[in-house]
Structure formats: C-alpha cells, structure tokens
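I have placed the structure first, in the form of structure tokens, so that the comments after it can refer back to it.
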Amino acid sequence: MNLPEVTVEVPKNAEYGDFSTNAALLLAKSLRQPPFEIAEKIVAEIKKKPQKIFSEISAFKNGFINFKISFEFLQNNLKTILKEKQKYGRNKTGKGKKVLIEFVSANPTGPLHVGHGRWAVIGDDIASLFEACGYKVDREYYVNDRGNQIKLLEKSVKAAANGSPVPEGGYGGSYIKEIADDLKDHKQLLPYILSKQKETLAKLKVIFDSYFSEKTLHDEGLVEDAISRLSSEGHTIREGGALWFKSEAFGDDKNRVLVKENGELTYFAADIAYHINKFKRGYDIIIDIWGADHHGYVPRVKAALAAVGLPIDRFEVIIGQLVTLYRGKEQVKMSKRTGEMVTLDEIISEIGSDAVRFFMTSTSVNNHLDFDLELAKEKKQENPVYYVQYAHARICSILRKSKCKVQSAKLDTLTHEAERALMRKLLDFEDEILAACRKREPHQLINYVKDVAAIFHNFYHQCRVLDNPARLVLVEATRIVIENVLKLLKIEAPEQM
RNA sequence: GAGCCCGUAGCUCAGUUGGAUAGAGCAACAGAUUUCUAAUCUGUAGGUCGGAGGUUCGAUUCCUCUCGGGCUCGCCA
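Under our numbering, the letters of the first sequence match residues 35 to 531, in that order.
Laid out in structure tokens, this is it:
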C-alpha cells in the first residue's frame with residue numbers, strides 16, 4: 035500500500051502523548067472503515083511485540099494513535115547525558131563532509147555596523163551547528179580589497195589628514211578622521227581597518243579560518259580564467275563595447291556585464307572566479323550569507339556556476355533580512371558616506387556580547403529586525419539571556435550545596451509530572467540540533483533553551499532537589515544541556531549570578 | 001511595473017513535513033519564599049493568525065487573488 039503522507043509528530047498538547055501518527059486517518063478512505071476502528075487494530079498489532087520505549091500506545095476517538103514514552107527510557111537518557119557531557123546532542127550525521135560558510139564580508143572601508151553583527155552571529159551559529167552535526171567547517175570572510183571604493187577610501191583619508199574637504203563620492207565619517215590621525219603610513223590602511231574589524235568580531239567570539247582577498251583573484255589571473263572558461267563554452271557575447279555573460283540562458287532576468295566598455299572587470303566577474311575557487315577547494319556544501327539588499331544577485335551567480343558546469347546543488351545562499359536601528363521610536367539612519375552611524379563595537383560595549391549574540395540569534399533571519407538601543411539598555415536585567423543563564427547559575431548553586439554523590443543514584447523515583455516534563459525536553463536535544471542545522475535556523479535553539487529553562491524553573495518550584503540523589507542527576511543533566519546550547523551559541527553559562 | 005521577505009495578543013516574536021483547544025516573553029492585574037538563588041514561579045485578561053476565495057477528513061501552514069510594510073531591479077561595490 036502506498037501511503038506517502040503518513041507522519042509521526044509531537045503533539046502540542048501533552049495529553050496526547052509524546053508522539054502521534056495520523057496513519058489511521060489516511061487509511062480510512064481506502065479501507066472504507068472509520069478511522070478509530072483502524073487505529074484500534076493498529077494499536078493491537080503493535081502491542082503484540084514487547085518493547086520498553088513506550089509505556090502507553092492508544093487509539094484516540096478521532097483516529098490519531100498516541101504513544102507515550104516510558105519513564106524507564108527517559109530516566110536512562112539522563113545517564114546518557116551525564117556520561118556524554120559536552121558531547122550530548124552532538125552527532126555524526128555529517129560524516130566529516132566539508133562545509134564552507136562565507137559571511138560578513140563587509141567592505142574594508144570602515145567599522146562594522148549592526149547589520150554586519152547579525153550576519154556575524156548567524157553565520158557563526160550555523161557553522162557551529164554543522165560542527166555539532168559532524169561536519170568539517172571553514173568560516174570565511176571575503177575582502178573586497180580592490181577597486182574604486184578602495185581608491186576613494188585612500189583619497190578620503192588623505193583629505194582628512196590634510197584638513198581638506200571630503201572628496202567627491204568619498205567617505206565622510208568621523209572614523210575617517212580617526213584613521214587619518216592614527217595612521218602615519220597610508221599603505222597600511224587596509225590592514226589597519228581589517229584588524230579593527232577583526233577586533234570587533236573577536237569581541238563577539240567570531241573567528242574566521244580565512245580572509246579571502248579579492249585582489250589575489252585578479253593578481254593570479256583567476257578572473258580572466260573564469261571569463262575565458264565562460265567564453266570558450268559560448269556563454270559570452272560582445273555588445274556595446276562590453277563583454278556580457280549570457281545569464282538569461284540560465285534563468286537570470288537579463289544578461290550581465292563581465293568586462294566594461296573601458297576594459298575594467300566588474301565585481302561580478304571577480305565573484306564568479308571566487309565561487310569557482312570555492313568549488314575547486316573541494317567543499318561538499320558551500321553557503322553564502324547575504325543581506326536582503328543583495329538577494330537580486332543570487333540568480334546571476336548561480337547562472338554562472340551552472341554555465342561552467344559546477345554542481346550548483348552544493349551551493350546555497352541564505353538571505354537575511356536587514357536590521358533597522360532605533361533609539362526609542364526614532365530610527366537611526368545609517369550611512370557610511372555621511373558617517374552618521376552606530377558601530378557594532380559601540381553596541382557590544384553597551385549591552386555586552388552575550389546579549390548581542392542572544393538577541394541576534396533569537397529571531398528568524400527571514401524576519402526584518404528592529405533593534406532598539408534604548409530598549410536593549412533598559413531591559414538589561416530582563417533580557418531573555420539572563421533568564422536562561424539564571425537557570426544555569428541556579429543549578430550550579432544547588433550542585434555546590436549538595437553533598438550526595440550524583441553518579442550512583444537510582445532514578446526510578448523520577449515520576450513527578452514536572453520531572454517528566456523536564457526529562458522529556460532533554461531527550462529532544464539531539465533532534466533540535468539536527469533540525470536547526472538542516473534548516474540553517476539557529477533561532478530554533480534559542481527557543482529550545484528558553485523552554486528548557488522555563489520547564490526547569492517550574493520543576494524547581496515544585497520539587498525540592500537538595501539531598502535527593504535522583505533529582506540531582508536530573509538537575510545536572512539539565513545543566514549540561516543548557517551549557518551545551520549556550521556554548522554552541524558562544525554565550526556564557528555562568529556558575530553564579 | 002517585476003522579483004524576494006514579512007503581516008499571528010497592546011509591544012517584540014515562536015509556531016517543526018498541513019493535524020487535536022494557536023503559544024512564549026514584555027507590558028497590565030491578582031497571588032506565591034519559615035526550605036536548594038524572587039534575575040524565579042502560579043493564575044487572570046488579551047486573537048476575524050491582514051482580507052477574500054480555493055485544495056481536503058483537517059489550513060496560521062499549500063495554491064490564486066487582494067491590501068499593507070521592507071528590500072532589490074547599474075557597464076556601483
């Protein structure tokens with residue numbers, strides 16, 4: 035019988051058990067029987083085989099079949115957690131496959147701002163998720179260290195040093211003056227700005243494996259190589275003095291220029307070379323994280339990679355919606371040209387790395403993010419990050435005071451409703467990591483750890499833990515899971531608050 | 001005009017492959033600590049899931065249309 039739509043899911047309402055399946059509902063039509071009767075028959079079949087995972091399997095009157103996990107299974111999982119410790123939740127799904135994640139890649143023309151912060155945190159989180167799932171991950175930052183903007187930057191800094199007005203189209207931010215003051219040797223301009231950016235990223239604990247220079251692509255002739263590769267396959271055309279890539283043939287809206295009329299190479303041409311290079315380095319999965327302001331760029335890059343015959347199913351672009359900065363109700367305009375901007379550095383100083391990381395991770399990148407500086411400051415004590423950290427600190431305090439030996443405890447007394455809810459939640463951890471990785475959505479982990487903390491706090495108020503060995507095991511297992519989530523997201527798990 | 005993202009409680013947001021009574025935090029109100037950290041917990045109130053159709057046993061979820069907001073549509077980078 036062909037039943038592609040049978041699903042097993044976790045019901046929202048705990049009364050319906052830990053898992054449920056709609057199999058009987060789907061069979062009702064073809065069998066011409068009421069769903070409930072079918073469900074009852076299925077349940078009877080399942081119960082013929084002995085097993086220890088489920089303590090209850092029942093048919094509901096609407097046709098759902100509900101499964102309840104046994105206490106024994108949940109209790110045994112606590113032992114697993116204590117045994118695996120930092121490794122609990124990690125898995126080998128990736129089998130060592132290689133992943134490249136490119137993110138931030140801000141222009142080296144000034145300090146990072148709040149938007150870069152979002153990509154830095156999200157990219158780093160996704161990289162960590164892949165690592166937790168057994169992939170080998172490289173974090174990469176592409177540096178646009180060439181072209182007009184760099185010349186403009188140099189002119190702008192020189193002008194500032196001489197007290198001249200901002201050059202036409204140049205950069206006028208106050209940071210330009212600071213650079214001019216700081217830097218005697220203008221040849222060190224790019225390394226200087228890059229090192230400042232690295233310092234900011236390091237405050238957020240974001241460390242890149244490689245900084246890939248656009249300039250080297252040109253110096254090594256890789257851009258010309260890419261273009262001739264396209265041309266030799268007949269994918270280019272000369273028109274109006276420029277050389278075009280016929281991207282329309284690969285699903286793009288229109289063709290794109292590779293070599294301008296004046297002979298200069300476009301940024302796009304370099305980007306094709308860059309992405310060909312990524313494939314050449316042998317990655318199984320290649321991920322770019324771009325802001326929504328660049329989403330129109332996706333089809334042309336994919337078109338180019340398809341045109342040179344690369345397996346584009348290994349390449350994906352995650353588009354993140356933009357961040358708008360507010361001070362109260364007033365929007366803070368961000369412009370590098372006018373220099374009116376709040377830097378990521380300032381934001382980290384104001385609310386701390388933990389809060390920035392937690393806040394940046396907590397919402398889906400599909401959603402536009404309004405970041406209110408005043409709110410972030412006012413709510414410092416109420417920020418959800420403290421809620422989760424407090425749960426961890428509270429557990430540490432209990433463990434410090436307890437005199438029982440945790441390891442030797444018998445766990446069969448853990449049958450309280452609050453105990454069960456907590457054990458049940460801890461069991462989900464590996465699935466949560468897998469799902470968050472598969473969907474590239476680290477915010478799901480934030481939701482998960484908030485749930486763990488809430489269920490723990492509820493348990494704490496109902497059950498006295500000290501001097502109860504079984505509960506100490508439960509609490510230690512909870513602590514391990516919270517710590518593992520926070521460590522993965524590079525947020526501190528404090529022992530005291 | 002075309003493309004992408006979004007629209008869920010007063011505010012900020014979750015909501016898994018289509019499932020059972022749509023959730024949390026903040027704000028509001030009422031309570032809880034002789035006991036392990038009150039940065040906590042419990043309860044109350046708050047919803048036409050932007051709107052209208054469609055698909056089906058079942059739609060916040062999928063499809064079409066529509067309204068509203070953001071972003072993009074360079075021989076810029």
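Ideal Cβ placement from N, Cα and C applies to all residues, glycine included.
Since the model is a prediction, treat every value here as computed from it, not as a measurement.
Counting C-beta neighbours from all protein chains within 10 Å, is the total for residue i 16 or more, i.e. buried, or is it exposed?
i           : result
residue 509 : buried
residue 425 : buried
residue 196 : exposed
residue 285 : exposed
residue 328 : exposed
residue 525 : buried
residue 449 : exposed
residue 533 : For the chain, the structure presents residues 35 to 531; residue 533 sits outside this window and is missing.
residue 36  : Residue placement at residue 36 is poorly supported in this model, since its pLDDT is 42, which falls under 50; the coordinates still yield a value, given next. Result: exposed.
residue 382 : buried
residue 69  : buried
residue 241 : exposed
residue 477 : buried
residue 44  : exposed
residue 151 : buried
residue 290 : buried
residue 272 : exposed
residue 38  : Low local confidence applies: a pLDDT of 48 at residue 38 is under 50, so the model's placement there is unreliable, with the coordinate-based value given in what follows. Exposed.
Kindly indicate which residue of the options has the alpha-carbon position closest to the one of residue i.
i           : options               : result
residue 119 : 515, 526, 525 and 287 : 515
residue 408 : 421, 437, 359 and 333 : 359
residue 428 : 448, 498 and 468      : 498
residue 323 : 160, 388 and 69       : 160
residue 459 : 446, 435, 445 and 485 : 485
residue 144 : 108, 156, 188 and 107 : 188
residue 134 : 418, 253 and 310      : 310
residue 520 : 447, 389 and 496      : 389
residue 433 : 506, 467 and 421      : 506
residue 571 : 501, 524, 461 and 294 : No statement about residue 571 is possible, as the shown extent of the chain runs from 35 to 531 and does not include it.
residue 78  : 91, 216 and 275       : 91
residue 84  : 364, 104, 480 and 328 : 104
residue 176 : 288, 42, 154 and 524  : 154
residue 287 : 73, 297, 335 and 180  : 335
residue 528 : 466, 422 and 436      : 422
residue 503 : 298, 199 and 446      : 446
residue 252 : 150, 61, 347 and 299  : 299
residue 380 : 139, 146, 123 and 50  : 146
residue 352 : 199, 325, 333 and 339 : 325
residue 5   : 492, 94, 80 and 301   : Because the chain is modelled from 35 through 531, residue 5 falls outside the range shown and cannot be assessed.
residue 276 : 259, 296 and 122      : 296
Helix, strand or coil: how does DSSP classify residue i here?
i           : result
residue 498 : coil
residue 54  : strand
residue 443 : coil
residue 255 : coil
residue 18  : Since the first residue shown for the chain is 35 and the last is 531, residue 18 is missing from the structure and cannot be characterised.
residue 331 : helix
residue 364 : strand
residue 377 : strand
residue 358 : strand
residue 129 : coil
residue 71  : helix
residue 176 : strand
residue 473 : coil
residue 66  : coil
residue 527 : coil
residue 137 : coil
residue 267 : coil
residue 205 : coil
residue 83  : coil
residue 350 : strand
residue 101 : strand
Starting from residue i, trace the alpha helix (DSSP H) both ways and give me its first and last residue.
i           : result
residue 212 : 208-216
residue 245 : Note, residue 245: premise wrong, no alpha helix (DSSP H); beta strand (DSSP E) at 244-247.
residue 276 : Looking at the DSSP string, residue 276 is not in any alpha helix (DSSP H); the run it does join, the beta strand (DSSP E), is 276-279.
residue 515 : 503-522
residue 308 : 301-314
residue 238 : Where residue 238 is concerned, there is no enclosing alpha helix (DSSP H), given that its DSSP letter is neither H nor E.
residue 188 : 182-196
In the DSSP assignment, find the beta strand (DSSP E) that holds residue i and state where it starts and stops.
i           : result
residue 90  : 88-93
residue 106 : It is not in any beta strand (DSSP E) - residue 106 instead sits in the alpha helix (DSSP H) that spans 105-118.
residue 291 : 290-293
residue 272 : 270-273
residue 325 : 319-325
Self-check item: alpha helix (DSSP H) segments (min. 4 residues) lying fully within the stretch 384-456
Solution: 387-396, 407-412 and 418-435
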